[in-house]
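Notes to accompany the following structure.
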Amino acid sequence: MKAVGARLPRYDGVGHATGRTAFVDDIRAHGTLWAKALRSPHDYATITRLDTTAAENMPGVRAVITHADVPLLEYGHLSALGIPADEPLLAKDEVRYKGQPIALVAAETTEQAADAVAAIEVDFAPKTPLFDVRKAFDADVSQPHHWGTVYPHFEESMDRRQIRKGSIEKAFDDADKIISGVYRPAAIEQMPIETQVCLSVPEPDGRFTIYSCTQALYFSMGVVAAHMQIPLNRLKFVGGTVGGGFGGKVDTATETVCTLLAQRSGRPVKWRWTREEEFLCSSTRAPWHMEIIDAVTDDGWILGRKMLTLHDAGAYARFSPYGVTKHSFHHTGAYTIPNLHFDGYVVFTNRVPTTAMRGYGVTSVSFAVESHMSRVAEELGIDPFELRLKNANRIGDTSPNGIAYTDPSTVDVLHAISEATGNELAPGYAAASRQRRAGEWLPDHLLAQISDTEVH
Amino acid sequence: MKITLNGADAQVDSPPLTPLLHVLREELGVLSAKAGCENGGCGACTVLIDGSPRRACLTAAIAADGSEVTTVEGLGTPEALSPVQKAFVHFCAAQCGFCTPGMVIAATAYLDKGGSGSREEITEALAGHVCRCTGYLKIVDAVAAAREGDFDMSVAAESPHTQVRA
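These protein sequences, in sequence, are chains A and B. 1 is the number of the first residue of the first sequence in the numbering used here; add one for each residue after it. 457 is the number of the first residue of the second sequence in the numbering used here; add one for each residue after it.
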């Protein structure tokens with residue numbers, strides 16, 4: 001325990017400062033080929049023709065792959081949990097987002113690879129794309145996804161992540177005011193300085209050594225093995241040195257195609273995305289559409305909340321159901337609301353597939369909840385700190401999914417912010433604590449939600 | 457073409473318009489300069505050319521012919537760190553480390569030219585460098601402290617930006 005609380009130098013600081021740290025792009029393997037992708041120029045289109053013959057005969061080209069060369073074309077990021085796959089590794093009959101990979105070339109130089117990509121003969125019949133998550137949720141729009149508007153594989157084949165707690169009807173009957181708001185944070189690119197990159201080296205024993213910048217090494221290993229239909233023991237992953245991830249390197253973006261190209265060419269293959277590809281084609285944080293309707297009392301108690309969340313998965317599901325699940329557990333934020341009616345949907349559009357970024361699914365709802373708390377305070381004419389302190393999570397309160405809080409920090413954080421911003425709290429609020437509710441902190445509407453679980 | 461690379465003579469055989477970054481990484485095997493954007497936007501490829509910080513991705517090899525090129529490998533070694541390198545380690549100014557070589561180069565050029573160590577000046581000197589991890593505060597701390605020199609390298613620095621509540 002010598003390290004706990006101690007100020008230790010970073011174990012990798014000297015390597016970073018002297019340029020000795022070996023990132024994936026710094027690994028050297030003799031005879032490495034460079035990969036380039038043919039990507040969809042359309043947001044949504046049918047592929048009417050795909051012919052790689054000319055590209056295969058270009059100078060320096062050692063391998064070209066399309067959907068026909070992938071042993072298991074569709075393998076979902078949640079397939080290991082038994083959820084059906086929806087995304088082809090390389091587009092087959094149609095493209096559903098701009099930048100979707102269709103074919104990959106490995107050649108002696110990047111220039112030769114790029115020339116060969118340009119020589120692939122491909123035709124498209126463009127279709128009308130769908131970009132807005134709220135519009136995509138309308139019943140009468142034409143859906144890009146074969147599963148329909150929304151992801152349909154939550155538990156018991158439900159089409160949403162649903163939370164029901166307490167009696168939402170009673171909360172709204174008892175309310176003095178109903179206060180609603182709509183919150184729509186936009187997509188954000190994680191933008192690591194190191195773009196997506198992989199080097200896959202075929203070994204003489206038939207195995208592959210895969211140098212990867214992934215944030216989820218064992219997960220990527222399973223994805224590559226599944227697509228290639230080979231056992232895990234033929235893959236040796238080398239990772240751990242990531243030039244920034246922020247969630248954007250959770251999805252398996254490069255390792256599978258690199259290894260397929262390495263298998264086909266018998267040579268090491270490196271695929272390093274350009275900055276343009278990173279911005280246009282890599283997964284982003286999702287755009288979200290959140291509607292909150294709160295039942296409140298004039299003195300600042302939140303009796304109930306109805307919430308509709310639409311999470312933009314982009315063109316394919318990937319981890320989006322996981323993101324919405326986390327989101328649902330946090331949809332009251334740092335506050336306790338006893339009566340809840342939450343529906344969260346994963347909605348498909350023609351945007352690039354979305355994924356994790358720094359608090360997957362939670363930053364969106366934190367933005368919505370805190371914005372809404374300020375709106376409620378303003379509409380009621382109550383100090384925003386006091387409104388928050390009143391409803392703040394305390395020991396024994398229960399979360400939307402019924403977990404009893406044993407050590408919630410909301411009250412302490414609010415006190416710290418108040419102090420740091422020079423905000424004067426009324427004496428009663430300054431004396432608030434995280435301890436179990438009692439007296440004026442325990443109005444009738446919060447009685448039933450309290451857990452008698454022993455805290456530790 | 458010939459350059460002096462980190463104090464040693466180096467022959468360059470790539471075509472004259474090859475980006476210097478490509479020459480360093482793919483021809484000469486010097487890997488500290490990183491390809492973050494190859495558009496002059498991120499600063500991760502920055503090297504010193506005759507003492508001035510330059511984007512290696514936007515510099516044609518021919519433009520460096522006859523010049524002294526310095527990368528972080530030429531500033532110090534793990535056994536003998538330069539003052540800026542020491543400060544980056546001590547202040548935990550490197551997180552993922554991908555932007556660090558460029559940052560260290562730019563900071564070194566700034567201090568070598570007599571930079572005052574004021575936070576505003578340091579921020580200006582590093583303005584062309586994108587770091588996605590740190591939020592920059594510790595980088596600026598490190599550069600300011602590098603002027604003063606020595607640190608106890610067995611511990612990390614107390615950050616002036618982090619108050620640990622009792």
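Beta carbons: idealized from backbone N, C-alpha and C, even for Gly. These figures come from a predicted structure and were not determined experimentally.
Check your understanding: Rounded to a whole number of angstroms, what is the C-alpha to C-alpha distance between A/LYS170 and A/SER79?
Key -> Locating residue 170 of chain A in the first sequence gives position 170, counting from the first residue. Locating residue 79 of chain A in the first sequence gives position 79, counting from the first residue. The straight-line gap from Cα to Cα measures roughly 41 Å.
Practice item. Determine contact between the segment 302–314 of chain A and the segment 71–85 of chain A, defined as no fewer than three beta-carbon pairs at a distance below 8 Å. Key: no
Practice item. Mind checking the segment 7–18 of chain A against chain D and listing, in chain order, the residues whose C-beta falls within less than 8 Å of any C-beta there? Key: You won't find chain D in this structure, because its protein chains are A and B.
Review point. For A/ASP26 and chain B, any beta-carbon pair shorter than 8 Å?
Key: Taking the first sequence and counting its residues from 1, one reaches residue 26 of chain A at position 26. True, the Cβ-Cβ gap to chain B drops below 8 Å.
Review point. How about A/GLY60: is its C-beta nearer than 8 Å to some C-beta of chain B?
Key: Locating residue 60 of chain A in the first sequence gives position 60, counting from the first residue. With 8 Å as the cut-off, A/GLY60 does not count as an interface residue toward chain B.
**Study point:** Neighbour flag for A/VAL242 against chain B, beta carbons, 8 Å
**Key:** Taking the first sequence and counting its residues from 1, one reaches residue 242 of chain A at position 242. Chain B, which has a Cβ nearer than 8 Å to the Cβ of A/VAL242, makes this yes.
Point to revise | Cβ-based burial, A/GLU94 [other Cβ within 10 Å; buried from 16] | key: Position 94 of the first sequence holds residue 94 of chain A. A/GLU94 comes out buried.
Exercise for review: Output, in chain order, the set of chain B residues within a Cβ distance shorter than 7 Å of A/ARG358.
Suggested key: Taking the first sequence and counting its residues from 1, one reaches residue 358 of chain A at position 358. Here the premise fails: no neighbours, minimum Cβ distance about 11 Å.
Review point. With 16 as the cutoff for other CB atoms within 10 Å, does A/LEU8 come out buried or exposed?
Key: Against the first sequence, residue 8 of chain A aligns to sequence position 8. Flag for A/LEU8 reads exposed.
**Study point:** Members of the segment 501–521 of chain B near chain A, C-beta cut-off 9 Å
**Key:** From the segment 501–521 of chain B, no residue has a Cβ closer than 9 Å to chain A.
Point to revise | Close Cβ partners of A/ARG325 (< 6 Å) along its chain, the five nearest in sequence each way excluded | key: For the purposes of this step, residue 325 of chain A is taken as the residue at position 325 of the first sequence. Per the sequence presented here, residue 325 of chain A reads as Thr, with Arg not at that position. Closer than 6 Å at Cβ, skipping near neighbours: ARG161.
Practice item. Could you give the DSSP three-state label for B/PRO471: helix, strand or coil? Key: As a first step, residue 471 of chain B is located in the second sequence; it is residue number 15 there, counting from the start. Taken through DSSP and simplified to helix, strand or coil, B/PRO471 comes out as coil.
Practice item. Measure how close the beta-carbons of A/ARG358 and A/ASP251 come, nearest whole angstrom, since I'm counting them as under 8 Å. Key: Looking up residue 358 of chain A in the first sequence gives position 358. Looking up residue 251 of chain A in the first sequence gives position 251. Contact flag wrong, Cβ pair sits at about 15 Å.
Practice item. Kindly provide the ranges of any alpha helix (DSSP H) runs that are 4 or more residues long and lie completely inside the segment 88–136 of chain A, ordered along the chain. Key: 110–119 and 133–136
Point to revise | Secondary structure of A/VAL4, DSSP reduced to three states | key: Residue 4 of chain A sits at position 4 when you count from the first residue of the first sequence. Coil, per DSSP.
**Study point:** Which of helix, strand or coil DSSP assigns to A/THR354
**Key:** For this step, residue 354 of chain A is matched to residue 354 along the first sequence. Strand at A/THR354.
**Study point:** Close-in-space but distant-in-sequence residues of the same chain around A/ALA119 (CB under 8 Å, 5 per side omitted)
**Key:** Here residue 119 of chain A is taken as the residue at index 119 of the first sequence, counted from 1. The answer, listed in chain order, is ALA54, ALA55 and MET58.
**Study point:** Distance, A/TYR429 Cα to A/ALA438 Cα
**Key:** For the purposes of this step, residue 438 of chain A is taken as residue 438 along the first sequence, with counting starting at 1. For the purposes of this step, residue 429 of chain A is taken as residue 429 along the first sequence, with counting starting at 1. The alpha-carbon atoms of A/ALA438 and A/TYR429 are separated by roughly 14 Å.
Point to revise | N- and C-terminal bounds of the alpha helix (DSSP H) containing A/GLN215 | key: Indexing the first sequence from 1 puts residue 215 of chain A at position 215. Looking at the DSSP string, A/GLN215 is not in any alpha helix (DSSP H), and its letter there is neither H nor E.
Practice item. Please report how far the alpha carbon of A/ARG49 lies from the alpha carbon of A/GLY60, in whole angstroms. Key: Walking along the first sequence from the start, residue 49 of chain A turns up at place 49. Walking along the first sequence from the start, residue 60 of chain A turns up at place 60. Answer to the nearest angstrom: the Cα atoms are 24 Å apart.
**Study point:** Residue from A/LYS236, A/SER180 and A/GLY240 with nearest C-alpha to A/ALA377
**Key:** Here residue 377 of chain A is taken as the residue at index 377 of the first sequence, counted from 1. The option with the nearest alpha carbon to A/ALA377 is A/SER180.
Check your understanding: If you draw a straight line from the alpha carbon of B/GLU614 to that of A/TYR405, how long is it in whole angstroms?
Key -> Locating residue 614 of chain B in the second sequence gives position 158, where the first residue counts as 1. Locating residue 405 of chain A in the first sequence gives position 405, where the first residue counts as 1. One C-alpha to the other measures close to 33 Å.
Review point. Would you say B/VAL611 faces chain A, with C-beta separation under 8 Å as the test?
Key: On the second sequence, residue 611 of chain B is found 155 positions in, with the first residue counted as 1. Yes - at least one Cβ of chain A is within 8 Å of the one on B/VAL611.
Check your understanding: Is B/HIS478 helix, strand or coil when you go by DSSP?
Key -> Counting from one through the second sequence, the residue named residue 478 of chain B turns up at place 22. Helix.
Practice item. Report all residues from its chain with a CB closer than 7 Å to the CB of B/MET609; omit the five preceding and five following residues, and keep chain order. Key: The count along the second sequence starts at 1 and reaches residue 609 of chain B at position 153. LYS542, VAL545 and HIS546.
Check your understanding: Taking only runs of the beta strand (DSSP E) that begin and end inside the segment 136–200 of chain A, which ones reach a length of at least 3 residues, in chain order?
Key -> 161–165 and 177–183
Exercise for review: Can you grab the Cα-Cα spacing for the pair A/THR385 / A/GLU424, in whole Å?
Suggested key: Position 385 of the first sequence, counted from the first residue, corresponds to residue 385 of chain A. Position 424 of the first sequence, counted from the first residue, corresponds to residue 424 of chain A. The identity of residue 385 of chain A in the sequence shown is Phe, whereas the question assumes Thr. The alpha-carbon atoms of A/PHE385 and A/GLU424 are separated by roughly 10 Å.
Review point. Going by C-alpha distance, which of A/SER371, A/ARG39 and A/ARG134 is nearest A/LYS92?
Key: As a first step, residue 92 of chain A is located in the first sequence; it is residue number 92 there, counting from the start. Ranking the options by Cα distance to A/LYS92, first place goes to A/ARG39.
**Study point:** chain B contact residues for A/PRO192, given Cβ-Cβ distances below 8 Å
**Key:** The sequence position of residue 192 of chain A within the first sequence is 192, counting from 1. By Cβ distance, chain B contributes CYS552, PHE554 and ARG588.
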